[in-house]
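Read in order, the letters of the sequence shown are residues 3 to 380 in my numbering.
Ideal placement from N, C-alpha and C gives every residue a C-beta, glycine not left out.
Reviewing the structure listed below.
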Amino acid sequence: MNETTPWELVPRAKRIVLKVGTSSLTKDGQLQPDRFTALARDVAALMDGGRQVVLVSSGAIAVGAHRLGWQHSGHSVREKQAAAAVGQIGLIELYQRRFGNLDRHVAQILLTRAGLEDRERFLNARHTMLELLRLGVIPIVNENDTVATDEIRFGDNDNLAATIVNAVGADLLVILTDVEGLYERAPVAGEPTPPLIRTVETITPQIESAASGAGTRFGSGGMITKLEAAKNAASSGAATVLCHGRTKDVLQRLVAGEERGTLFAPGDRLRGNKHWLAFTAKTHGRIVVDDGAASALVARGRSLLPAGVLRVEGTFTIGDSVSCVNEHGEEIARGLAGYSSDDIAKLAGVATKEIGRVLGYSNGEEVLHRDDLVILKD
């Protein structure tokens, strides 16, 4: 029996997260209504075929800047936030009209990284989106740029889309942008276009070097953020397709089996809470471990015991997400702390049988339990 190729997974996808970049919706910061019409028809066709779609949309800052008469997307964080507040109205209005013409309902969901870092709020967002999908509604997700300063600076809608893949258990992430895909090297104006990389099995340093970090004048994400998103989605067991957003009926062509753009193959699926730990949760400190403990964690899948701890950096409480690093400062894992930073510092190098004597109480033998631990480095 022949093995399934990565591209053969695309037509099988039943739940798709679609990320649409600013350049696919606007021209010189101005909304292009025909692009919304084409996109709505494409998404509706997927839904007619029994698929569910979550739409993660950029464009609010660009739209707001145009409505304010600017020739830029804002010179400061506050200007960008103001532009986002103005532009979000126009953005969602066009989506509502275009999908409404096709008898499809949409829902607006504004999220921030800070919100999703909280596990309870992450799960609330997940449950809301799953219920909307069950009802046949298209969730339209955007970052709440009026409060999310870090996201504005780093163009995190790509990684937000990948986080949504994990949240809703999607099979496929499609990123629509203003290029055909990932080229073997960054294109240079006036020179022949480099060959397109059709399939990426694993994101290697060579693949990363082929990516350009430059964004557009109105968008803030470049190819590097798209590679990060593909890595994130792969850890959810989902494939990612990066392709040109202005290709006619591109979504229908993809699910029909046509190879468009670049496909990043899926990886091994991390369990939901472990994926959240690896890619979404905010780390509150670091635990430095010796080589023996690092080997036990990475090679043997063990929990972290006090005896392997060298020192603690930062302040955190029981249940906070923390980073685990080896003696060379390399992050090898993330997990939920079994003790506070103050108590772990007291327990550094201590045998497990001595925990009660040192602290006056015991919350278990593990500083980081393997069930609440995700390995990041082989």
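Going by the CB atoms, is the gap between residue j and residue i shorter than 7 angstroms?
i, j, result
"H277", "N168", "yes"
"K324", "T354", "In the sequence on display, residue 324 carries Val and not Lys. It is not a contact, given that the beta carbons lie outside the stated cut-off."
"S25", "I142", "no"
"L70", "A109", "no"
"R288", "E260", "no"
"V290", "R313", "yes"
"L33", "A62", "no"
"I357", "A339", "no"
"L272", "R336", "no"
"D173", "A42", "no"
"T227", "A235", "no"
"L175", "L48", "no"
"L361", "D345", "yes"
"I199", "E186", "yes"
"A232", "F266", "yes"
"A213", "D147", "no"
"A64", "T28", "yes"
"A46", "R106", "yes"
"V12", "L256", "yes"
"F38", "L96", "yes"
"T201", "P8", "yes"
"G118", "N144", "For clarity, residue 118 is Leu in the given sequence; the question names Gly instead. The answer is no: Cβ separation not under 7 angstroms."
"G183", "L244", "yes"
"G89", "G66", "yes"
"P308", "L349", "yes"
"V170", "M131", "yes"
"D44", "D251", "yes"
"L378", "E332", "no"
"G269", "S237", "yes"
Check residue i in the structure and name its three-state DSSP category.
i, result
"Q73", "coil"
"H394", "Residue 394 lies beyond the residue range present for the chain, which begins at 3 and ends at 380; the question has no answer from this structure."
"P8", "helix"
"P207", "helix"
"F101", "helix"
"G287", "strand"
"A241", "strand"
"R200", "coil"
"E315", "strand"
"T282", "coil"
"T264", "strand"
"V139", "coil"
"S323", "strand"
"I154", "Note that I154 scores a pLDDT of 43, beneath 50, so its modelled location is shaky and nothing firm can be said."
"L307", "coil"
"A164", "helix"
"M3", "Below a pLDDT of 50, predicted positions are generally treated as unreliable, and M3, at 42, falls in that range; no measurement from the model is reported."
"K228", "helix"
"L134", "helix"
"N126", "helix"
"H107", "coil"
"V252", "helix"
"G259", "coil"
"K379", "coil"
"G269", "coil"
"E119", "helix"
Which one or two residues does DSSP pair with residue i in a beta bridge?
i, result
"N144", "L112"
"R187", "Per DSSP, none; premise fails for R187."
"I18", "V55 and L174"
"T179", "H246"
"L96", "Paired residue(s): none; L96 is not in a bridge."
Worksheet item: Hey, which unbroken runs of the alpha helix (DSSP H) at 4 residues or more fall wholly within the region 23-52?
Response: For the alpha helix (DSSP H) assignment, the uninterrupted runs of no fewer than 4 residues enclosed by the region 23-52 are, from N- to C-terminal side, 24-27 and 35-50.
Item to complete: Decide yes or no for the touch test of the region 285-302 against the region 324-343: beta carbon pairs closer than 8 angstroms, at least 3 of them.
Response: Inter-segment contact for the region 285-302 and the region 324-343 is present: three or more beta-carbon pairs are separated by less than 8 angstroms.
Item to complete: Jot down the residue ranges of each uninterrupted alpha helix (DSSP H) in the region 331-377, minimum 4 residues, whole runs only, in chain order.
Response: Counting only runs of 4 or more, we get 343-349 and 357-361.
Worksheet item: Do the region 17-24 and the region 44-58 touch if we need at least three Cβ pairs shorter than 8 angstroms?
Response: Contact between the region 17-24 and the region 44-58 is present, because at least three Cβ pairs lie under 8 angstroms.
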